[in-house]
Amino acid sequence: MPFAIIAAVIVAAATAAMTLRNLVHSSLAVAVAFGGLALAYLYLDAQFVGLTQILVYVGAVAILIVFAVLLTRGGEPPEKCIFSATWFWGLLITVAVFATLAWCVMHSFASRRDPSDKVEVTVKQIGDALMTKFVLPLEVIGLLLTAALIGAVIIAMREEKK
7 MPFAIIAAVI VAAATAAMTL RNLVHSSLAV AVAFGGLALA YLYLDAQFVG
57 LTQILVYVGA VAILIVFAVL LTRGGEPPEK CIFSATWFWG LLITVAVFAT
107 LAWCVMHSFA SRRDPSDKVE VTVKQIGDAL MTKFVLPLEV IGLLLTAALI
157 GAVIIAMREE KK
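Each residue of the sequence shown is one higher than the one before, counting from 7 in our numbering.
Structure (structure tokens):
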């Protein structure tokens with residue numbers, strides 16, 4: 007039952023992100039969808055993935071999207087209608103994609119595997135791999151994200167001066 011509630015929240019937030027006309031509301035709906043995905047991971051006992059989802063997507067990506075929308079949409083009048091004119095098509099496509107993905111998951115070979123074949127990966131093993139074998143890609147990603155953040159701040163400061 008809790009998983010069904012989490013799944014309903016994720017689907018509702020994703021649908022709202024696609025159909026809402028106001029970009030601020032849409033970006034906040036994306037943040038709720040990311041949070042729901044993190045809850046789903048935590049409910050499925052994938053603590054590392056769930057906490058990473060919270061830190062990276064909810065804590066960084068969603069907030070970055072909200073800030074980008076707020077920084078770039080300063081002088082526009084508020085929207086009269088909360089839903090876009092094509093909300094029905096968005097809902098229809100959402101249901102079609104969901105049905106297709108659900109059918110693919112239900113008929114995949116992965117759902118027929120024996121659970122005893124599962125390999126247990128601990129957070130310590132992931133941390134060891136990130137700090138030994140994958141330390142260079144990790145540092146490169148960190149530098150790229152830092153450069154992107156500095157670029158966003160510079161662009162926002164230039165817009166402010168004009």
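For glycine and all other residues, C-beta sits at the position ideal for the given N, C-alpha and C.
In terms of CA proximity to F94, A22 leads the group F9, D120 and A22. In the same chain as Q59, and ignoring 5 residues on each side of it, the C-beta atoms closer than 7 Å to its own belong to F40, L43, A44 and Y47, in chain order.
For L26, the secondary structure class from DSSP, reduced to helix, strand or coil, is strand.
A distance below 6 Å between beta-carbons, with the five flanking residues on each side excluded, links I156 to no residue of its chain.
In the assembly as shown, V36 is a buried residue. Its beta-carbon has 16 or more other beta-carbons within 10 Å. In this structure, V30 lies away from V64, with their beta-carbon atoms at least 8 Å apart. When rounded, the separation of the alpha-carbon atoms in K139 and G148 is 16 Å. C-alpha of W109 to C-alpha of T128: approximately 31 Å in a straight line. Check the Cα spacing between A158 and each of M24, L70, G56 and L61: the tightest is with L70.
Look at M7 here: in three-state DSSP terms it is coil, with no helix or strand label. Looking only at V17, L26 and P8, the smallest Cα-Cα distance to A102 is reached by V17.
Rounded to whole angstroms, N28 and L34 show a C-alpha spacing of 10 Å. Taking every protein chain shown into account, the CB of S32 has 16 or more other CB atoms within 10 angstroms, so this residue is buried. Distances from the alpha-carbon of A162 to those of A66, L26 and T78 put T78 closest. In the structure shown, the three-state DSSP call for F94 is helix.
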